[in-house]
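Novice: Quick one: the structure is below, and I'll ask about it shortly.
Protein chains: 2
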Amino acid sequence: MPMPDVFQLLSDPSRRHLLEALRDGERSVNDLVDSTQMSQPAVSKKLRLLKDSGMVALRKDGRQHLYSIRGQPFREASEWLGFYDRFWQEGLARMDELIGSEVPRRSRRKT
Amino acid sequence: MPMPDVFQLLSDPSRRHLLEALRDGERSVNDLVDSTQMSQPAVSKKLRLLKDSGMVALRKDGRQHLYSIRGQPFREASEWLGFYDRFWQEGLARMDELIGSEVPRRSRRKT
DNA sequence: CCATCACATGCCCGCATGAATATATATCCT
DNA sequence: AGGATATATATTCATGCGGGCATGTGATGG
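Below is the structure:
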């Protein structure tokens, strides 16, 4: 199962903040700098990483660099997380944590 | 928008590997050690982090420590990612590849 | 009790990573 | 052309984190 480094990118709060700021659409670097508390080089660096991983796209308009969300990598991460949907479903349905409804591999379940 | 450190936890491949090994249900520490290439202390440490963040639950049976998936934190991450669903939908429908950074297998629409 | 098993913790080290400053490149304006 | 704007890159530094080994703690069995 190839798991990209998307989670690695998402692990940084400031990077997530940038991605959140891009939810409304294209943004220039300066816009993004204003919406954060980071320095411009810091923002540029993070945008570089996000671009290299395919999470954002870059379009140049004059001297402005407009970044926008690129959905595919998110989808991969989302699919990985999808495997755990059933767990939180059980979580609120049954208060117990005896998940033993499936695959009683080696774990001996006590009553 | 409070974003927990779930993504931080998910950023480590070995941690994801542990979580994948727990998809089938409860596992003891030794089981998990066998399913990875890590040493037992390394596994224990990672399990500690996962437990502290609420991603796994611990149940002690004798001298065995059984860990299992705890779905709620996954849900939070999943919800965050949900905001980007629309982007990958657009991604394959519209959006030409004239960003000039990647190789467009299919240039342009079909004529 | 004592040896052993199962697991956790503490300490140490090497490396990746984040941030700040300074500088380079590209574009626009006059 | 020259200067200002917009963004990128380079360098440096400090910190964090993963991962090893040794050791500590609790449970089991003789």
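For the record, the sequence lines run as chains A and B. Those letters in the first sequence? Residues 6 to 116, per the working numbering, in order. Those letters in the second sequence? Residues 6 to 116, per the working numbering, in order. C-beta: ideal position from N, C-alpha, C; glycine also.
1) One question on the structure: do B/Asp10 and B/Ser58 come within less than 8 Å of each other, judged by their Cβ atoms?
2) By Cβ distance, which residues of its chain are closer than 8 Å to B/Arg28, with the 5 residues on each side in sequence left out?
3) Can you name the residues of chain A whose CB is closer than 7 Å to the CB of B/Arg80?
4) In its own chain, which residues sit with a C-beta less than 8 Å from the C-beta of B/Ala26, not counting the 5 before and 5 after it?
5) In angstroms with no decimal places, state the Cα-to-Cα distance between B/Asp90 and B/Gly67.
6) If you measure beta-carbon to beta-carbon, which residues of the stretch 17-36 of chain B are closer than 8 Å to chain A?
7) Could you check which residue in A/Trp93, A/His70, A/Val34, A/Met60 has the C-alpha nearest to that of A/Glu81?
8) Compare the C-beta of B/Ser83 with all C-beta atoms of chain A and state if any pair is closer than 8 Å.
9) With a cut-off of 8 Å on the beta carbons, I'd call A/Lys51 and A/Ser19 a contact; round off their distance for me.
10) What span of residues does the beta strand (DSSP E) with A/Leu71 cover, start to end?
11) With DSSP run on the structure shown, which of helix, strand or coil describes B/Asp17?
12) Starting from A/Asp39, follow its DSSP beta bridges and name the residues at the other end.
13) Do you know whose CA, among A/Gln45, A/Gln69, A/Pro78, lies nearest A/Gln13's CA?
14) Under a Cβ-count criterion, where at least 16 other Cβ atoms within 10 Å of its own Cβ denotes burial, should A/Ala62 be classed as buried or exposed?
15) Are there 16 or more other CB atoms within 10 angstroms of the CB of B/Gly76, so buried, or fewer, so exposed?
16) What residue range is occupied by the uninterrupted beta strand (DSSP E) comprising A/Asp57?
17) Per DSSP, what kind of secondary structure is A/Arg64 in: helix, strand or coil?
18) What does B/Leu55 touch in chain A if you count any residue whose Cβ is under 8 Å from its own?
19) Tell me which residue opens and which closes the alpha helix (DSSP H) that B/Phe79 is part of.
Specialist: Let's see:
1) Position 5 of the second sequence, counting from 1, holds the residue named residue 10 of chain B. Position 53 of the second sequence, counting from 1, holds the residue named residue 58 of chain B. Yes; because the gap between Cβ atoms is below 8 Å, this pair is in contact.
2) By 1-based counting over the second sequence, the position of residue 28 of chain B is 23. Answer for B/Arg28: Ile74, listed in chain order.
3) Mapped onto the second sequence, residue 80 of chain B falls at position 75. Per Cβ cutoff of 7 Å: Trp93.
4) In the second sequence, residue 26 of chain B corresponds to position 21, counting from 1. Short of 8 Å from the beta carbon of B/Ala26, and not among the five residues preceding or following it, lie these beta carbons of its own chain, in chain order: Arg32, Asp36, Leu37, Ser40, Thr41.
5) Taking the second sequence and counting its residues from 1, the one referred to as residue 90 of chain B is at position 85. Taking the second sequence and counting its residues from 1, the one referred to as residue 67 of chain B is at position 62. Going from the Cα of B/Asp90 to the Cα of B/Gly67 covers about 45 Å.
6) Pro18, Arg21, Leu24, Glu25, Arg28, Asp29, Gly30, Glu31, Arg32, Ser33, Asp36
7) Taking the first sequence and counting its residues from 1, one reaches residue 81 of chain A at position 76. Looking at the Cα atoms, A/Met60 is the closest of the given residues.
8) Within the second sequence, numbered from 1, the residue matching residue 83 of chain B stands at position 78. Cβ-Cβ to chain A under 8 Å: yes for B/Ser83.
9) Counted from its first residue, the first sequence places residue 51 of chain A at position 46. Counted from its first residue, the first sequence places residue 19 of chain A at position 14. A/Lys51 to A/Ser19, Cβ: 7 Å. Contact.
10) The residue labelled residue 71 of chain A in the question sits at position 66 within the first sequence. First-last of the beta strand (DSSP E) with A/Leu71: 69-74.
11) Indexing the second sequence from 1 puts residue 17 of chain B at position 12. Coil.
12) By one-based count along the first sequence, residue 39 of chain A stands at place 34. Answer is none; A/Asp39 lacks a bridge partner.
13) Position 8 of the first sequence holds residue 13 of chain A. Minimum Cα distance to A/Gln13 is reached at A/Pro78.
14) In the first sequence, the residue the question calls residue 62 of chain A occupies position 57. By the neighbour-count rule (16 or more Cβ atoms within 10 Å), A/Ala62 is buried.
15) Walking along the second sequence from the start, residue 76 of chain B turns up at place 71. In the assembly as shown, B/Gly76 is a buried residue. Its beta-carbon has 16 or more other beta-carbons within 10 Å.
16) Locating residue 57 of chain A in the first sequence gives position 52, counting from the first residue. Element bounds for A/Asp57: not the beta strand (DSSP E) but the alpha helix (DSSP H), 45-57.
17) Counting from one through the first sequence, the residue named residue 64 of chain A turns up at place 59. Here A/Arg64 sits in strand by DSSP.
18) Here residue 55 of chain B refers to the residue found at position 50 when the second sequence is read from its first residue. Close partners of B/Leu55 in chain A (Cβ separation under 8 Å) are lacking, with about 12 Å as the shortest Cβ gap.
19) Indexing the second sequence from 1 puts residue 79 of chain B at position 74. It spans 77-87 - the alpha helix (DSSP H) in which B/Phe79 sits, taken as one unbroken run.
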